[in-house]
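There are 2 protein chains.
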Amino acid sequence: MTTDPYSSSLQGVASQRVADILAGRILSGELPPGARIKQDELADELATSRIPVRDALRMLEARGLVVIRANAGARVMTLTRRDLEVSYEIRERIEPLLLADSVPHLTGEDLADLRKVMERNQGATDVEEAMALEREFHWITYRRHSTPLLAQIVERIWDTTQSYRRDYRKLAMGHTMTGAGRTHDVEHQLLYDAVAKKEVETAQAALVLHIRRTRAELARHSGVLANPGSGARNEAG
Amino acid sequence: MTTDPYSSSLQGVASQRVADILAGRILSGELPPGARIKQDELADELATSRIPVRDALRMLEARGLVVIRANAGARVMTLTRRDLEVSYEIRERIEPLLLADSVPHLTGEDLADLRKVMERNQGATDVEEAMALEREFHWITYRRHSTPLLAQIVERIWDTTQSYRRDYRKLAMGHTMTGAGRTHDVEHQLLYDAVAKKEVETAQAALVLHIRRTRAELARHSGVLANPGSGARNEAG
DNA sequence: CTATGCGCGATCGTATACCACCTGATGGAT
DNA sequence: ATCCATCAGGTGGTATACGATCGCGCATAG
């Protein structure tokens, strides 16, 4: 039970329940990018009718987790290498905004939580655990934001890129465990220190560094990761 | 007719048709922020059942145009002053990315279109016309992008802020028609010149200036515009 | 052997009817 | 005057049915 920064409450509403379950499966990698999602099948499995399933799919489309094509079904969102690259460029530019909005209002307890997660992360060896902790770490720094709009955009990007980050981590774990892993930890430490001291601009710089280096790392390895990039300029019907 | 980066055609699909109509009403201001949307009513009016209407509402929720609360109905998205401010800060940071991605690939015809729209805009006095031309102008500069993800985010922000921009323009038209209006035109000219010369960084700078100044202008007048801002830090169930 | 077109099945989209539940408002009791 | 209970409107969900559309395999032509 990780403290997922997303997870909406509302248990009684079937569509929300379906959406949560589906989102979990996508974010956990159980449903990989490109996987087809059949409405009947899912409705049957979750003991509900197709309407909540359809509603859930629309909700997930809103979050960028699935893509729906009329009469052709829903599939888990796929990103091209370029999309992934762009996602990081966007993060680099807007997450500092979210951070600056939150940091001044973080409490002592928030900082304690942050430190705890950071330290647990430094000892983590399991990919799933590391991903969850990484996510939690950053979202604690964003915890006291007052800009849901911005947070939603950021979260959406985290969600849509999650599967690809996982693929990378699994790949990287084999041969860079000590090198890249350590750098990652150092960056977290830098970010934590700046956040704890409420040095907003330093924290922003640390965050940008962190995101940019991760992007570069990911780009370096993206050759082996799948994806038939369509180098098309805009779309035309 | 703005160059919508997605806008699926598909006329046969009722839900898409409903979504398009609803989006039009919201963007035109016919349905102002906060307006309630009743499913039965809309279904009846458009001679369809509630299912396509629900689907359409979910689609519009995905675009950030409406907000759906379980059992409490759908309403046109409302932004607080803070949301509006943040929207502009986001635009300031990510639209230059989109611009840089597109400008190098703009054709001579694109530039001709751009110039045409700019000149028509300089003579426009009608608020609706000016808004449409403003939108078209910028989207022509983005026309040759290859990053639908980024374009989608940008378009979403344009959509959700449209009603508020309209309110401002209507307000400003009365007493700043010559002052602010001229500045606006000059900025467009600066952007156009840089784009035409394919000076990407200059164009980006001009764009940032344009967005930032618009934001400042809007903030200055936002006092009179509605909105009961909830100064709450994050949400808590 | 490859390419083109056809047709059928699997799914999706939509319609209808009905019940269950939530929300907001109305009105009465303290 | 404030608070709580009740009630209608409206949405969420279920069940069922049927037309429309897309993918894919198969037959046929080159």
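Going down the list, the sequences are from chains F and C.
The numbers in the UniProt record's numbering rise by one with no breaks, and the one at position 237 of the first sequence is 237.
The numbers in the UniProt record's numbering rise by one with no breaks, and the one at position 237 of the second sequence is 237.
We treat Cβ as the ideally placed atom computed from N, Cα and C, and that holds for glycine.
For Ala62 (chain C), the chain F residues whose C-beta falls within less than 9 Å of its own C-beta are Arg58, Met59, Glu61, Ala62, Arg63 and Gly64, listed in chain order. Within the same chain, and ignoring the five residues on either side of Ile26 (chain F) in sequence, the residues whose Cβ sits closer than 6 Å to its Cβ are Leu65 and Val76. When C-beta atoms of the region 45-64 of chain C are compared with those of the region 53-61 of chain F, three or more pairs fall below 8 Å, so the two segments count as touching. Asp159 (chain C) has a beta carbon lying at 9 Å or more from every beta carbon in chain F. A distance below 9 Å separates the beta carbons of Leu106 (chain F) and Leu114 (chain F).
Boundaries of the alpha helix (DSSP H) harbouring Val86 (chain C): Arg81 to Ser102, taken from the DSSP string. Against Asp113 (chain F), chain C offers no close residue; the least beta-carbon distance is about 14 Å (beta-carbon pairs closer than 7 Å). Nearest CB-CB separation between Gln122 (chain F) and chain C: not below the 9 Å threshold. For His105 (chain C), the chain F residues whose Cβ falls inside 7 Å of its Cβ are Arg233, in order along the chain. Secondary structure note for Ala74 (chain F): it is in no alpha helix (DSSP H), and the uninterrupted beta strand (DSSP E) holding it is Gly73 to Val76. DSSP lists C:Arg75 as the bridge partner or partners of Val67 (chain C). Residues of chain C with a Cβ closer than 7 Å to the Cβ of Leu149 (chain F) are, in chain order, Asp83, Val86 and Ser87.
For Gly24 (chain F), the enclosing alpha helix (DSSP H) starts and ends at Ala14 to Leu27. Where Leu133 (chain C) is concerned, the enclosing alpha helix (DSSP H) starts and stops at Val127 to Thr141. Taking the Cα positions, Glu187 (chain C) is about 6 Å away from His210 (chain C). Taking a 10 Å sphere around the C-beta of Thr125 (chain F), we find fewer than 16 other C-beta atoms and assign the residue as exposed. Residues of chain F whose Cβ lies closer than 8 Å to the Cβ of Leu97 (chain C) are, in chain order, Val86, Glu89, Ile90 and Arg93.
Around the beta-carbon of Asn71 (chain F), fewer than 16 other beta-carbon atoms lie within 10 Å, marking it exposed.
One Cα belongs to Asn121 (chain C), the other to His145 (chain F), and the distance between them is close to 38 Å. The closest CA to that of Leu111 (chain F), considering only F:Ala196, F:Leu207 and F:Glu85, is found on F:Ala196.
About 18 Å separates the beta carbon of Met118 (chain F) from that of Arg165 (chain F), a gap too long to meet the 8 Å contact definition. Per DSSP, reduced to three states, the secondary structure at Arg36 (chain C) is strand. Flagged as an interface residue toward chain C: Ala70 (chain F), by a C-beta distance shorter than 9 Å. DSSP places Lys116 (chain C) inside the alpha helix (DSSP H), whose first and last residues are Gly108 to Gly123. If you compare the alpha carbons of F:Glu136, F:Glu155, F:Val127 and F:Pro104 with that of Arg91 (chain F), the shortest gap goes to F:Glu155. Secondary structure of Ala47 (chain F) (DSSP, three-state): coil. Ala74 (chain F) and His138 (chain C) have their alpha carbons spaced roughly 32 Å apart.
Secondary structure note for Arg213 (chain C): its alpha helix (DSSP H) is the uninterrupted segment Val200 to His221.
Taken through DSSP and simplified to helix, strand or coil, Leu57 (chain F) comes out as helix. Non-local C-beta neighbours of Ser102 (chain F) in its own chain, meaning closer than 7 Å and more than five positions away in sequence, comprise Thr141, Tyr142, Arg143, Arg144 and His145, ordered along the chain.
Each of C:Leu218, C:Leu190 and C:Glu217 was checked against the Cα of Leu207 (chain C), and the nearest Cα belongs to C:Leu190. Exclusion of the five residues before and after Arg93 (chain F) leaves no residue of its chain whose Cβ lies closer than 8 Å to its Cβ.
Among the residues facing chain F, Gln16 (chain C) is included, as its CB has a counterpart in that chain under 9 Å away. By the C-beta density criterion, Arg215 (chain F) is buried, having at least 16 other C-beta atoms within 10 angstroms.
Just measuring C-alpha positions, the residue of C:Ser28, C:Val18 and C:Val67 sitting nearest Glu45 (chain C) is C:Val18. For Ile37 (chain C), no Cβ of chain F is located within less than 9 Å of the residue's own Cβ.
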